[in-house]
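Structure, as structure tokens:
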Amino acid sequence: MNKLTRNPYIADRCYEYEMSSSRGDHYRILIGTPVEEAPVNGYPVIYALDGDALFQTVAETVRLQTRKPKGLGPVLVIGIGYPSKEPFDMNRRCLDFTIPAEGSVLPARPEGRPWPPHGGADQFLDFIERELKPVIAGEWPIDSSRQLIVGHSLGGLLVLHALFARPHLFTHYAAGSPSTWWAEDKIFEEQMQFTQTWQSSATIRLQLTTGARELPHMLDGSDRMGQAMRALSDRGITTDVIRFEDEDHVSVLPGMLARLPRFIWS
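Residue numbering for the sequence shown follows full-length UniProt numbering, starting at 1 and increasing by one per position.
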């Protein structure tokens, strides 16, 4: 039997960068680059939150679904991760992905641990809008009409907040199992205000996904948000609500991420 030679596995055309925000926060930026040249309008871009957990799956999904001759068009994949390389860095994601919770009661955490610092969603969106996206646009030709952000759980909450607070920032919003319960359902206050004021010629697509075996309040929150957002179908916002049978809060991820290439090209 031939001896095995062990070498590190390195995904083709995937790169890791270190980036610090103007506030001094450090990020691990993971980038999957297409084989094909950019289309006339530039590359569509998927921005994946929790990059240390989601990036590899998204990048491989894009690679497989964009293969010629029958594949979709090329897509640039950006994962936003953290120096810890933890799949879900709770301290960082709790700060970056949550809206302020002043005056609200947060549910107890396992083992009675206190919640990490939270409520920094707008500062994190500032980083994406003013620092990260300009760097990406300076390195690759970008299709501004196909910009997608995807997040799971607290990341899904951030996706919804980005839609309501900065609808110009992306064109496609993929909220997986969003934590709509955060700060006593405060995201629904943002949704109501958005519904009352939204007047634009822009076209926006929202995708809400959950697993059928998730906790009831997760399913109820997603259903409630889907129903509210579908009411805006005559104002340029298309909402898809997808439930994956037999999947729970974590096992739902591959199915949700597998839909992203089709979603961004829809």
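Think of the CB as a built atom: it goes at the ideal place given N, C-alpha and C, for glycine as much as any other residue.
Determine which residues share a DSSP beta bridge with D240 and list them. To locate residue 240, count along the sequence shown from 1; it is residue 240. DSSP output for D240 lists Q207 as bridge partner(s).
In whole angstroms, give me the CA-to-CA distance for T239 and A231. To locate residue 239, count along the sequence shown from 1; it is residue 239. To locate residue 231, count along the sequence shown from 1; it is residue 231. Approximately 9 Å between the Cα atoms of the pair.
Count the CB pairs spanning the segment 16-26 and the segment 46-59 that are closer than 8 Å, and state whether there are at least three. no
To the nearest angstrom, how far is it from the Cα of A209 to the Cα of I10? Along the sequence shown, read from residue 1 onward, the residue named residue 209 stands at position 209. Along the sequence shown, read from residue 1 onward, the residue named residue 10 stands at position 10. Checking the sequence shown, residue 209 turns out to be Thr, not Ala. If you take the alpha carbons of T209 and I10, they lie about 30 Å apart.
Suppose contacts are defined by Cβ-Cβ distances below 8 Å. Is G119 in contact with A101 by that definition? By 1-based counting over the sequence shown, the position of residue 119 is 119. By 1-based counting over the sequence shown, the position of residue 101 is 101. Result yes, Cβ atoms of G119 and A101 sit closer than 8 Å.
Please report the distance separating the alpha-carbon of P134 from that of F188. Residue 134 sits at position 134 when you count from the first residue of the sequence shown. Residue 188 sits at position 188 when you count from the first residue of the sequence shown. Cα to Cα, the separation comes out at about 31 Å.
Compare the C-alpha of G176 against each of P74, S104, E247 and W265 and name the closest. For the purposes of this step, residue 176 is taken as residue 176 along the sequence shown, with counting starting at 1. When only C-alpha atoms are compared, the closest one is E247.
For the alpha helix (DSSP H) holding G221, just list the boundary residues, first then last. By 1-based counting over the sequence shown, the position of residue 221 is 221. Looking at the DSSP string, the run of the alpha helix (DSSP H) that includes G221 is P216 to R230.
Alpha carbon of E129 to alpha carbon of L215, nearest angstrom: By 1-based counting over the sequence shown, the position of residue 129 is 129. By 1-based counting over the sequence shown, the position of residue 215 is 215. Those two C-alpha atoms are separated by around 33 Å.
Same chain only: Cβ atoms within 8 Å of L160, ignoring 5 sequence neighbours per side: For the purposes of this step, residue 160 is taken as residue 160 along the sequence shown, with counting starting at 1. Y173, A175, P178, T180, I187, E190, Q191 and M225.
With a cut-off of 8 Å on the beta carbons, I'd call D143 and N7 a contact; round off their distance for me. Numbered from 1 along the sequence shown, position 143 holds the residue referred to as residue 143. Numbered from 1 along the sequence shown, position 7 holds the residue referred to as residue 7. In fact, because the Cβ distance is near 36 Å, the residues do not count as touching under 8 Å.
DSSP three-state label for Q147, please. Within the sequence shown, residue 147 is the residue found at index 147, counting from 1. Note: Q147 maps to strand in three-state DSSP.
How would you call G112, buried or exposed, if buried means at least 16 neighbouring beta carbons within 10 angstroms? Reading the sequence shown from its first residue, position 112 is the one you call residue 112. With fewer than 16 Cβ atoms within 10 Å of its Cβ, G112 is classed as exposed.
Between F127 and D220, what straight-line distance do the alpha-carbon atoms span, to the nearest angstrom? Looking up residue 127 in the sequence shown gives position 127. Looking up residue 220 in the sequence shown gives position 220. Those two C-alpha atoms are separated by around 31 Å.
Assign E37 to one of three DSSP states: helix, strand, or coil. To locate residue 37, count along the sequence shown from 1; it is residue 37. It is coil, neither helix nor strand.
For S20, count the other beta carbons within 10 Å of its own beta carbon; 16 or more makes it buried, fewer makes it exposed. Which is it? Walking along the sequence shown from the start, residue 20 turns up at place 20. Exposed, because fewer than 16 other Cβ atoms sit within 10 Å of the Cβ of S20.
Kindly give me the distance between the Cβ atoms of I204 and Y47, rounded to whole angstroms, as I take these residues to be in contact under 8 Å. The residue you call residue 204 lines up with position 204 of the sequence shown. The residue you call residue 47 lines up with position 47 of the sequence shown. That pair is no contact at about 15 Å.
Option in L4, L169, S22 and R262 with minimal Cα separation from E131: Working through the sequence shown from its first residue, we reach residue 131 at position 131. Answer by Cα proximity: S22.
Alpha carbon to alpha carbon, how far is G211 from P254? Give it in angstroms, no decimals. Counting from one through the sequence shown, the residue named residue 254 turns up at place 254. Counting from one through the sequence shown, the residue named residue 211 turns up at place 211. In a straight line, the C-alpha of P254 is about 11 Å away from that of G211.
Could you tell me which whole alpha helix (DSSP H) segments of length 4 or greater appear in the segment 7-86? 51-65
If we ignore side chains and look at the alpha-carbon of each, how far apart do E184 and G156 end up? As a position in the sequence shown, residue 184 is number 184, starting the count at 1. As a position in the sequence shown, residue 156 is number 156, starting the count at 1. Cα to Cα, the separation comes out at about 16 Å.
Taking the straight line between their C-alpha atoms, what separation do you get for T61 and Q193? For this step, residue 61 is matched to residue 61 along the sequence shown. For this step, residue 193 is matched to residue 193 along the sequence shown. Taking the straight line from one Cα to the other gives about 36 Å.
Need the endpoints of the alpha helix (DSSP H) that G120 sits in, please. For the purposes of this step, residue 120 is identified with residue 120 of the sequence shown, where counting begins at 1. First-last for G120: undefined, no H or E at that position.
Alpha carbon to alpha carbon, how far is P39 from P141? Give it in angstroms, no decimals. Translated into the one-based positions of the sequence shown, residue 141 becomes position 141. Translated into the one-based positions of the sequence shown, residue 39 becomes position 39. Looking at the two C-alpha atoms, the distance is approximately 9 Å.
Looking only at its own chain, which residues have a Cβ that is under 6 Å from the Cβ of G51, when we skip the five neighbours before and after it? Position 51 of the sequence shown, counting from 1, holds the residue named residue 51. So the list reads L30, G79, I80 and G81, once near-sequence residues are dropped.
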